[in-house]
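Everything below concerns the one structure shown next.
There are 2 protein chains.
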Amino acid sequence: MTPEQIVEQLQTLVESDKVKTDPESLAFYGTDWTKVYEPKPLAIVFPKSIEQVQAIVRFANENQLALVPSGGRTGLSAGAVAANGEIVVAFDYMNKVENFNPIDRTVVCGPGVITEQLQQYAEEQGLFYPVDFASSGSSQIAGNIATNAGGIKVIRYGMTRNWVAGLKVVTGTGELMDLNKGLVKNNTGYDFRHLFIGSEGTLGFIVEATMQLTRPPKDLTVLVLGVPEFSAIMDVLKAFQEKIDLTAFEFFSEKALTKVVEHSDVQRPFESRTDYYALIEFECINEQVADQAMEVFEYCMEQGWVEDGVMSQSLAQLESLWRCREDISETIAKWTPYKNDIAVSVSHVPAFLTEVEAVVNQHYPDFEIIWFGHIGDGNVHLNILKPDNLAKEAFFEKCSEVSNWVFEIVQKYQGSVSAEHGVGMTKRDYLTYTRSEEEINLMKGIKKVFDPNGIMNPGKVIN
Amino acid sequence: MTPEQIVEQLQTLVESDKVKTDPESLAFYGTDWTKVYEPKPLAIVFPKSIEQVQAIVRFANENQLALVPSGGRTGLSAGAVAANGEIVVAFDYMNKVENFNPIDRTVVCGPGVITEQLQQYAEEQGLFYPVDFASSGSSQIAGNIATNAGGIKVIRYGMTRNWVAGLKVVTGTGELMDLNKGLVKNNTGYDFRHLFIGSEGTLGFIVEATMQLTRPPKDLTVLVLGVPEFSAIMDVLKAFQEKIDLTAFEFFSEKALTKVVEHSDVQRPFESRTDYYALIEFECINEQVADQAMEVFEYCMEQGWVEDGVMSQSLAQLESLWRCREDISETIAKWTPYKNDIAVSVSHVPAFLTEVEAVVNQHYPDFEIIWFGHIGDGNVHLNILKPDNLAKEAFFEKCSEVSNWVFEIVQKYQGSVSAEHGVGMTKRDYLTYTRSEEEINLMKGIKKVFDPNGIMNPGKVIN
Chain A
1 MTPEQIVEQL
11 QTLVESDKVK
21 TDPESLAFYG
31 TDWTKVYEPK
41 PLAIVFPKSI
51 EQVQAIVRFA
61 NENQLALVPS
71 GGRTGLSAGA
81 VAANGEIVVA
91 FDYMNKVENF
101 NPIDRTVVCG
111 PGVITEQLQQ
121 YAEEQGLFYP
131 VDFASSGSSQ
141 IAGNIATNAG
151 GIKVIRYGMT
161 RNWVAGLKVV
171 TGTGELMDLN
181 KGLVKNNTGY
191 DFRHLFIGSE
201 GTLGFIVEAT
211 MQLTRPPKDL
221 TVLVLGVPEF
231 SAIMDVLKAF
241 QEKIDLTAFE
251 FFSEKALTKV
261 VEHSDVQRPF
271 ESRTDYYALI
281 EFECINEQVA
291 DQAMEVFEYC
301 MEQGWVEDGV
311 MSQSLAQLES
321 LWRCREDISE
331 TIAKWTPYKN
341 DIAVSVSHVP
351 AFLTEVEAVV
361 NQHYPDFEII
371 WFGHIGDGNV
381 HLNILKPDNL
391 AKEAFFEKCS
401 EVSNWVFEIV
411 QKYQGSVSAE
421 HGVGMTKRDY
431 LTYTRSEEEI
441 NLMKGIKKVF
451 DPNGIMNPGK
461 VIN
Chain B
1001 MTPEQIVEQL
1011 QTLVESDKVK
1021 TDPESLAFYG
1031 TDWTKVYEPK
1041 PLAIVFPKSI
1051 EQVQAIVRFA
1061 NENQLALVPS
1071 GGRTGLSAGA
1081 VAANGEIVVA
1091 FDYMNKVENF
1101 NPIDRTVVCG
1111 PGVITEQLQQ
1121 YAEEQGLFYP
1131 VDFASSGSSQ
1141 IAGNIATNAG
1151 GIKVIRYGMT
1161 RNWVAGLKVV
1171 TGTGELMDLN
1181 KGLVKNNTGY
1191 DFRHLFIGSE
1201 GTLGFIVEAT
1211 MQLTRPPKDL
1221 TVLVLGVPEF
1231 SAIMDVLKAF
1241 QEKIDLTAFE
1251 FFSEKALTKV
1261 VEHSDVQRPF
1271 ESRTDYYALI
1281 EFECINEQVA
1291 DQAMEVFEYC
1301 MEQGWVEDGV
1311 MSQSLAQLES
1321 LWRCREDISE
1331 TIAKWTPYKN
1341 DIAVSVSHVP
1351 AFLTEVEAVV
1361 NQHYPDFEII
1371 WFGHIGDGNV
1381 HLNILKPDNL
1391 AKEAFFEKCS
1401 EVSNWVFEIV
1411 QKYQGSVSAE
1421 HGVGMTKRDY
1431 LTYTRSEEEI
1441 NLMKGIKKVF
1451 DPNGIMNPGK
1461 VIN
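Sequence lines, in order, name chains A and B. Start counting the first sequence at 1; every next residue gets the next number (this note's numbering). Start counting the second sequence at 1001; every next residue gets the next number (this note's numbering).
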């Protein structure tokens, strides 16, 4: 079948103006935030219903045509990149939030619902959708589910996985499956819902999701603490978790804070400087909790773990303290940083960081390392800034060497080469550092069951 | 290979006295709490290490011998029954709790660790393992995981699934997989850990589990409310959930309470009688929460949803109020009840109950129906008592007819034919009421990937 014939056929499967082949659309819908691969899709197709998705998949399956799902394309692992003449299936028009159920606290979302749209909808119902991250203004819910998106509140609310009560998916043969149907308890064989969560579109496409909502947090309060020794952050975490239910436990380094303060209107949380900072958030529902937090804070000072600290007294102060942590990524973007999203067990984080620092400093003493991340769940973001005198290509070449060292240390600590960004294409060849050969072979076997002709997002996660 | 040769071979794979073939052992280890199938295992084998489990599975795989995993055998769906000459693999000697990590709050359990043993271990560390149910004194952790056990605190803590941070499994070819390794964040392809949870030993055997612990609940308090109309229970649930984080929301009928009060030393919660009762538990951490609970209680009285109520003022009173609910199962056992463990969405429960009652009453007006269950998660336990004048066989024959009606209503409400007891053999032929033919076919495909020769717990869940 020629490309023209394919496009013609696609036009019969969706509304005829919902197939795009103009260069702008191909470039726009063919890539994600990684921007390392040249987008080269054959066409972009915009279904408006589940039936249209099924028709597209059946057509592709019969003709062995590769499909790539497209949500908000905010991914950082090239999971939604179409670089090999694939047909991109964009879910932008399947974006309704409906069937809110106040007793079950569930709501049914089209795959193209924007994360923020769901958050706002929940708020309008007096409820809360707790998965939140930098790209929530443009990421789509099916993409969140397909990559099991994490974010800043995982310590309390878990990953996207925890909020999916039901899932409609179209498999690689065009079959529609209605998984779990919004039930809380359902032990009837293999839970395919969980298999699809985090499968990055390689087993099938998510065409509807029933999302769980919860009550909104009350009186959130933030503490920022100056911690001279990284390892003490673990003691601080333990001390707080014993007394208070935390909603976030983040960390960042003095180097990160310096950059943010120098390049924005963000204020330092307090005068004194320490090598590391912990940001702790909790629901300060009454004075007892506030007293408890102060007690733990003082205990941490006495132990020498913490040198200084501040507790937010208003929503405005809470927001400005959060910016010390949240503005890092955007601030350091101008140094074209090498980024790596990795995780180890929480207790392994100090040793892991020390080893990574040592190996990078040994080989590239002029590389500036910026650490920050979600310490409460073991997920650290390694960022290395490009020295001004080094060309971009040379820098990234050296960094790919760094990747190997980092992943070897990840493996040593039985960690994850992708904590929350997924595998896509950028981490596919490093998968063996976290998953065994046997596991990868079984993944291939599983893919064959759901997608016998290998048309669903081929080349992503596994080969 | 003759049975004698098989036993001889098995004796070379484990310690020689760890293979049993005496009739008592065969009868004991060959069945579970269902007791409807005649146990007929060929032998019981007790591995003491992961390597021994692998050796047994490899031997069985090479010789096409069926294996049945045996934990505490407290299951109610015949998932651990060996009725066809299978080799039972009993994990009783692999029961160590070790490698507690206070920062990660994780602990590594052998498959044979008793639920209560883990609960006590957690308590000794000042922590809490929250999955609890009637059989926790004898059920084993790998069995809990293989059936994704639920229980009485799911509304707050979720199912067993939520507490599994890592899983070592031996697949049907004897391969060992180390899944997720205790990580909180790990988005590296298909999450096989979740696939194995609830797979009832049909994909492989769980040989080690890293379990997550949490802080113990503080100052638990129970409210029992008398609710005249079942549908009002939903309004009560919603009213409480809006204001208070609940740890349990259970219900039982006046019929259930009458039986318990008549046949034990349990006291009625209060004088007045209503057709239904809600039992609500929460952490009453300070007076504000207590006041809030009283406010909601009064609101529910004003609305006419609730007629009377009592709030526990001591641990002793809390325990005695819980007995109104927890003693039901044991109390009604003397009527050889027909039992069914089903779930629908929480909001569908009232309509679902009404329909089931109507169809049973219409056909068998002399059957006494006892309802109780975990209303907060949509899981109801239907119990029908055998009329004294009806023989056991005749009763169960009529009840199997009832099952069909019940499952048709389950299907109509998109519910689950097994909320928390799993499928095993007793619900296998009803699986289609919850899972589509397509899903069941895909389950078979998945099983073939992990267990190509079909030796792992054959005949359970799927055929």
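Ideal Cβ positions, reconstructed from N, Cα and C, are used throughout, including at glycine. Source: prediction; values computed, not measured.
Touching by the beta-carbon criterion (3+ pairs, under 8 Å), the stretch 414-421 of chain A and the stretch 337-356 of chain A: yes
Outcome for B:Asp1429 when other beta-carbon atoms lying within 10 angstroms are tallied against a minimum of 16: On the second sequence, position 429 is the one that residue 1429 of chain B refers to. Exposed: under 16 other Cβ atoms inside 10 Å.
Within chain A, the residues that B:Leu1237 reaches when beta carbons sit closer than 9 Å: By one-based count along the second sequence, residue 1237 of chain B stands at place 237. Chain A residues near B:Leu1237: Ile103.
Candidates A:Leu321, A:Cys399, A:Gln288, of which the one nearest A:Leu279 by Cα: The count along the first sequence starts at 1 and reaches residue 279 of chain A at position 279. Out of A:Leu321, A:Cys399, A:Gln288, A:Leu321 has the C-alpha closest to the C-alpha of A:Leu279.
Bounding residues of the alpha helix (DSSP H) (the contiguous stretch that carries A:Tyr433): For the purposes of this step, residue 433 of chain A is identified with residue 433 of the first sequence, where counting begins at 1. Counting along the chain, A:Tyr433 falls outside any alpha helix (DSSP H), and DSSP gives it neither H nor E.
Exposure of B:Leu1315, with buried meaning 16 or more beta-carbon neighbours within 10 Å: Counting from 1 along the second sequence, the entry for residue 1315 of chain B is found at position 315. With fewer than 16 other Cβ atoms within 10 Å, it is exposed.
As assigned by DSSP and simplified to three states, the class of A:Asn389: Position 389 of the first sequence, counted from the start, is the residue given in the question as residue 389 of chain A. Coil.
B:Ala1078 and B:Gly1071 closer than 8 Å at C-beta: Translated into positions along the second sequence, residue 1078 of chain B becomes position 78. Translated into positions along the second sequence, residue 1071 of chain B becomes position 71. Going by C-beta atoms, B:Ala1078 is not nearer than 8 Å to B:Gly1071.
Counted within 10 angstroms of its Cβ, other Cβ atoms place B:Glu1397 as buried (16 or more) or exposed: Here residue 1397 of chain B refers to the residue found at position 397 when the second sequence is read from its first residue. It counts as exposed.
Coarse secondary structure for A:Cys300, derived from DSSP in three states: As a first step, residue 300 of chain A is located in the first sequence; it is residue number 300 there, counting from the start. Three-state DSSP puts A:Cys300 in a helix.
Contact list for the stretch 1187-1199 of chain B against chain A, Cβ threshold 8 Å: Asn1187, Thr1188, Gly1189, Tyr1190, Asp1191, Phe1192, His1194, Leu1195, Ile1197, Gly1198, Ser1199
Alpha-carbon spacing of B:Gly1112 relative to B:Ile1056, whole angstroms: Within the second sequence, numbered from 1, the residue matching residue 1112 of chain B stands at position 112. Within the second sequence, numbered from 1, the residue matching residue 1056 of chain B stands at position 56. Distance between the alpha carbons of B:Gly1112 and B:Ile1056: 17 Å.
Run of the alpha helix (DSSP H) containing A:Gly143, from where it starts to where it stops: If you number the first sequence from 1, residue 143 of chain A lands on position 143. That run of the alpha helix (DSSP H) goes 141-146.
Touching by the beta-carbon criterion (3+ pairs, under 8 Å), the stretch 1267-1277 of chain B and the stretch 1227-1234 of chain B: yes
Contact list for the stretch 1326-1347 of chain B against chain A, Cβ threshold 8 Å: Ala1343, Val1344, Ser1345, Val1346, Ser1347
Rounded C-alpha distance that separates A:Ser264 from A:Arg325: Here residue 264 of chain A is taken as the residue at index 264 of the first sequence, counted from 1. Here residue 325 of chain A is taken as the residue at index 325 of the first sequence, counted from 1. Approximately 12 Å between the Cα atoms of the pair.
Any 3 or more C-beta pairs closer than 8 Å across the stretch 445-461 of chain A and the stretch 161-173 of chain A: yes
Interface partners of B:Asn1286 on chain A, CB under 7 Å: Position 286 of the second sequence, counted from the first residue, corresponds to residue 1286 of chain B. Chain A residues near B:Asn1286: Asn286, Gln288.
B:Lys1096 - DSSP class collapsed to helix/strand/coil: As a first step, residue 1096 of chain B must be located in the second sequence, where it is residue number 96. Coil at B:Lys1096, not helix or strand.
First and last residue of the uninterrupted alpha helix (DSSP H) at B:Lys1181: As a first step, residue 1181 of chain B is located in the second sequence; it is residue number 181 there, counting from the start. Where B:Lys1181 is concerned, there is no enclosing alpha helix (DSSP H), given that its DSSP letter is neither H nor E.
Cβ contact check for the stretch 1135-1144 of chain B and the stretch 1245-1254 of chain B: 3 or more pairs under 8 Å: no
Alpha carbon of A:Ser312 to alpha carbon of A:Glu116, nearest angstrom: Position 312 of the first sequence, counted from the start, is the residue given in the question as residue 312 of chain A. Position 116 of the first sequence, counted from the start, is the residue given in the question as residue 116 of chain A. Taking the straight line from one Cα to the other gives about 25 Å.
Residues within the stretch 20-38 of chain A neighbouring chain B, beta-carbon criterion of under 9 Å: none
Separation of A:Trp371 from A:Thr258, as counted between CA atoms: Position 258 of the first sequence, counted from the first residue, corresponds to residue 258 of chain A. Position 371 of the first sequence, counted from the first residue, corresponds to residue 371 of chain A. Computed Cα separation, rounded: 12 Å.
Interface flag, B:Glu1062 vs chain A, CB-CB below 8 Å: Translated into the one-based positions of the second sequence, residue 1062 of chain B becomes position 62. Not closer than 8 Å to any Cβ of chain A, the Cβ of B:Glu1062 fails to qualify, so no.
Three-pair Cβ contact test at 8 Å for the stretch 429-441 of chain A versus the stretch 373-388 of chain A: no
Short CB-CB distance (under 8 Å) between B:Leu1431 and chain A: Here residue 1431 of chain B corresponds to residue number 431 of the second sequence, with the count starting at 1. Chain A, which has a Cβ nearer than 8 Å to the Cβ of B:Leu1431, makes this yes.
Residue-chain proximity (B:Phe1205, chain A), Cβ-Cβ < 8 Å: Position 205 of the second sequence, counted from the first residue, corresponds to residue 1205 of chain B. For B:Phe1205, the answer is no, since every Cβ of chain A falls outside 8 Å of its Cβ.
B:Gln1241: contacting residues in chain A (beta-carbon distance under 8 Å): For this step, residue 1241 of chain B is matched to residue 241 along the second sequence. Arg105, Arg215, listed in chain order.
Integer Cβ distance of B:Leu1013 from B:Gln1064, believed to fall under 8 Å: On the second sequence, residue 1013 of chain B is found 13 positions in, with the first residue counted as 1. On the second sequence, residue 1064 of chain B is found 64 positions in, with the first residue counted as 1. Contact flag wrong, Cβ pair sits at about 16 Å.
Among A:Phe252, A:Tyr93, A:Leu118, nearest to A:Met211 - alpha-carbon criterion: Within the first sequence, residue 211 of chain A is the residue found at index 211, counting from 1. Here the closest residue by C-alpha is A:Leu118.
Rounded C-alpha distance that separates A:Met443 from B:Glu1302: Numbered from its first residue, the first sequence carries residue 443 of chain A at position 443. Numbered from its first residue, the second sequence carries residue 1302 of chain B at position 302. Distance between the alpha carbons of A:Met443 and B:Glu1302: 57 Å.
Residue range of the alpha helix (DSSP H) that includes A:Ser526: For residue 526 of chain A there is no data in the structure shown, the boundaries of chain A being 1 and 463.
Under 9 Å (Cβ pairs) to chain A, residues found in the stretch 1399-1423 of chain B: Gln1414, Gly1415, Ser1416, Val1417, Ser1418, Ala1419, Glu1420, His1421, Gly1422, Val1423
Extent of the continuous alpha helix (DSSP H) run through A:Glu355: One-based indexing of the first sequence puts residue 355 of chain A at position 355. Here the alpha helix (DSSP H) through A:Glu355 covers 349-363.
Distance between B:Phe1252 and B:Pro1269 (C-alpha atoms, nearest Å): Taking the second sequence and counting its residues from 1, one reaches residue 1269 of chain B at position 269. Taking the second sequence and counting its residues from 1, one reaches residue 1252 of chain B at position 252. Approximately 12 Å between the Cα atoms of the pair.
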